[in-house]
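All letters in the sequence shown, in the order written, are residues 7 to 243 by this note's numbering. Structure, as structure tokens:
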Amino acid sequence: MSSQQIVPLREKVSTVRALIEKSKGQFAMALPAYVKVDQFMRVAMTTIQKNPDLLQCTTQSLMGALMEAAQLGLQVDGLLGEAYVVPFNNKQKDGTWRKEAQLIPGYKGFMKLARNSGQISTIKAEVVYAKDHFLVIDGLEPKLEHVRSEEPPVPDDKTPIADAVRGAYAICKMKDGSTQFVFLWKWQIERARARSQQAGGPAWTKDYPEMAKKTAVRRLAKYIPQSTELQRAAALD
7 MSSQQIVPLR EKVSTVRALI EKSKGQFAMA LPAYVKVDQF MRVAMTTIQK NPDLLQCTTQ
67 SLMGALMEAA QLGLQVDGLL GEAYVVPFNN KQKDGTWRKE AQLIPGYKGF MKLARNSGQI
127 STIKAEVVYA KDHFLVIDGL EPKLEHVRSE EPPVPDDKTP IADAVRGAYA ICKMKDGSTQ
187 FVFLWKWQIE RARARSQQAG GPAWTKDYPE MAKKTAVRRL AKYIPQSTEL QRAAALD
């Protein structure tokens, strides 16, 4: 890479870092008490540097996505799976195209926000694979039974894991002892994927099980007490 290519990238990194530093006070006011502002800013900057496409986004959209993450109390570190800042090419009213950043909550972020209602004891999501034993009983006494196969879902790392997915479910236990769960067949997951702006993006092509679980958690969120943050996350997604 030539120095002429490196300098503009360095300038963009410096510009974004300066904007994040300048917004420290706003981030601090938006973040919940359990998230330290310095850590949030450090993780955000690391995430941006790891994805050069984000540096091509408008600074307004990038800072807006980070502020939304702060208001929800979600870290944008992809390793944690709470939320992601994703670049999109969006068509403007004048017909031109502009790369803009958007906050996409992850399934772990949805579960974290669900707990904020104060009425949920535990919440989890799992994927059901072709070789697993799985049973769902509806009625007055609903039951969900899932026993994983001792064999791996796919024979090797060359076989797409999505091929082995039968469905996904999310289940939660309320503090009053009651439970709620939802199960989605793969065709239902695919229908939700088709409506997604990132249907063909890396989230679905590389992390299908995670996206399947996220879809199930989003469906479960309709039937459990919702925090304000969870409602906002669903609207963003």
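Idealized CB from N, CA, C, for every residue including glycine.
Closest residue to Gly112 among Ala209, Gln232, Val153 and Gln237 (Cα-Cα distance): Ala209
Under the DSSP definition of a beta bridge, which residues are partnered with Val153? His139
Would you decide whether Gln10 is buried or exposed? Buried here means 16 or more other CB atoms lie within 10 Å of its CB. At Gln10, the pLDDT of 43 sits below 50, so the modelled position is not reliable and the matter cannot be decided from this model.
Taking C-beta to C-beta, are Asp138 and Val153 nearer than 8 Å? yes
Does any residue of chain C bring its CB to less than 8 Å from the CB of Asn95? Of the protein chains in the structure, only one exists, and it is not chain C.
Return helix, strand or coil for Ala39, following the three-state DSSP convention. coil
Which term fits Gly79, buried or exposed, when burial requires 16 or more other beta carbons within 10 angstroms of its beta carbon? buried
According to the neighbour-count rule (16 or more other Cβ atoms, all chains shown, within 10 Å of its Cβ), is Gly245 buried or exposed? There is simply no residue 245 to check, as the chain begins at 7 and stops at 243 in what is shown.
For Thr165, count neighbouring Cβ atoms within 10 angstroms of its own Cβ and tell me buried if that reaches 16, exposed if not. exposed
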